[in-house]
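Below is one structure, written out as structure tokens; comments come after it.
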Amino acid sequence: MTTLSVRNLTKNFGALKVTDDVSLEVASGEIHAIIGPNGAGKTTLISQLSGQLPSDSGAVAIGGQDVTGLSMPERVKLGLARSFQITSILPGFTALENVAVAVQARSGSSFRFFAPVAQEEELNDAALAALKEAGLDDRAHVRASALSHGEHRRLELAIALATQPKVLLLDEPLAGVGGEDAEAFVARLKRFKGRFTMVLIEHDMEAVFALADRVSVLVYGRIIATGTPEAIRSDPQVRAAYLGEEEEEVA
Ligand SMILES: Nc1ncnc2c1ncn2[C@@H]1O[C@H](COP(=O)(O)OP(=O)(O)OP(=O)(O)O)[C@@H](O)[C@H]1O
């Protein structure tokens, strides 16, 4: 069964064609990585999938249901969640409050301000469970401003997890995270494998090849290749357009 289906998606910013006729089928439980050079349109594509950016043409379906005309909160309710590259975390709030508030806001329920939110037991339990899954429950009552960069990334993951996604969109979850933190993050995502479908944008090729079942390569808004990590790694067109260059940089 296909969980995420993308058909001929296009987005223009003025004269600039940023996503150009993108089609993609992501199977249930699959981790599908989207790689490509800076400015290729990866974040724009994720924004179109999440419903933050309207598409100029094309269609998106989750579990066979067309969501093209739906808002982000409506998509969240159907199980499509995005973890943000640019953080939307509130620094003065604790990790727990951030998850609780985000769940309320993003699921489109009424935004009742802080004290009542903190008192809502059910919401807190869900938020705490999400923090635990993201490996941040021991920091639940710490203000976000006091969390490290790696902990912020885990908080963003917790926020996405708390919406109980069927499809999780991850936009560079490892950006700025290094060493052991990165390894732990990859191990955590690996544990989620099969539980929900993931679309992963990531520049860290080690992480991509460790996690992805399939990889799509986006160049100038077009998917130039889709395949297993092994097939993508050895694809001459991909190497010429992107991968060779990246790997040389790493080496
Ligand atoms: N709101 C916008 N208005 C105009 N141009 C935009 C807008 N958002 C993105 N762009 C342009 O669209 C192109 C693709 O940007 P996008 O951020 O989607 O690429 P990306 O592949 O995610 O890049 P990176 O790997 O650097 O994050 C870039 O040329 C960018 O300048």
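Sequential numbering of the sequence shown, starting at 20, is according to the working numbering.
Glycine residues also receive a C-beta, built at the ideal position from the N, C-alpha and C atoms.
Beta carbon of residue 35: closer than 7 Å to some heavy atom of ligand 1? Walking along the sequence shown from the start, residue 35 turns up at place 16. True, at least one ligand heavy atom lies under 7 Å from that Cβ.
Confirm the yes/no value for this check: CB of residue 57, any heavy atom of ligand 1, distance under 7 Å. Position 38 of the sequence shown, counted from the start, is the residue given in the question as residue 57. Yes, Cβ of residue 57 sits closer than 7 Å to a heavy atom of ligand 1.
Give every residue of the same chain whose Cβ lies closer than 6 Å to the Cβ of residue 59, excluding the five residues on either side of it in the sequence, and list them in chain order. Position 40 of the sequence shown, counted from the first residue, corresponds to residue 59. So the qualifying residues of the chain are 237 and 238.
Of the listed residues 214, 74, 204 and 154, nearest to residue 115 (C-alpha basis): Reading the sequence shown from its first residue, position 96 is the one you call residue 115. The shortest Cα separation from residue 115 among 214, 74, 204 and 154 belongs to 154.
Between residue 202 and residue 250, what straight-line distance do the alpha-carbon atoms span, to the nearest angstrom? Position 183 of the sequence shown, counted from the first residue, corresponds to residue 202. Position 231 of the sequence shown, counted from the first residue, corresponds to residue 250. For residue 202 and residue 250, the distance between alpha carbons rounds to 24 Å.
Given residue 257, which residues of its chain have a CB within under 6 Å of its CB, disregarding the five upstream and five downstream residues? Along the sequence shown, read from residue 1 onward, the residue named residue 257 stands at position 238. Correct list, in chain order: 236, 244 and 251.
Give the DSSP-derived three-state secondary structure of residue 144 in the structure shown. Here residue 144 is taken as the residue at index 125 of the sequence shown, counted from 1. In the structure shown, residue 144 sits in a helix (DSSP, three-state: H, G or I).
Ends of the beta strand (DSSP E) at residue 198? Position 179 of the sequence shown, counted from the first residue, corresponds to residue 198. Per DSSP, residue 198 belongs to no beta strand (DSSP E); it is in the alpha helix (DSSP H), 198-211.
What is the DSSP secondary structure of residue 24, reduced to helix, strand or coil? Walking along the sequence shown from the start, residue 24 turns up at place 5. It is a strand residue.
Would you say the beta carbon of residue 61 comes nearer than 7 Å to a heavy atom of ligand 1? For this step, residue 61 is matched to residue 42 along the sequence shown. Yes, the beta carbon of residue 61 sits closer than 7 Å to at least one heavy atom of ligand 1.
May I ask you to list the residues that DSSP assigns as paired with residue 31? For the purposes of this step, residue 31 is taken as the residue at position 12 of the sequence shown. DSSP, once it has assigned bridges, lists 36 as partnering residue 31.
For residue 22, which residues of its own chain have a beta-carbon under 7 Å away from its beta-carbon, when the five flanking residues on both sides are left out? Taking the sequence shown and counting its residues from 1, one reaches residue 22 at position 3. Taken in chain order, the residues that qualify are 45, 46, 47, 81, 82, 185, 186 and 216.
Is the stretch 27-47 touching the stretch 197-212, taking contact as three or more C-beta pairs under 8 Å? no
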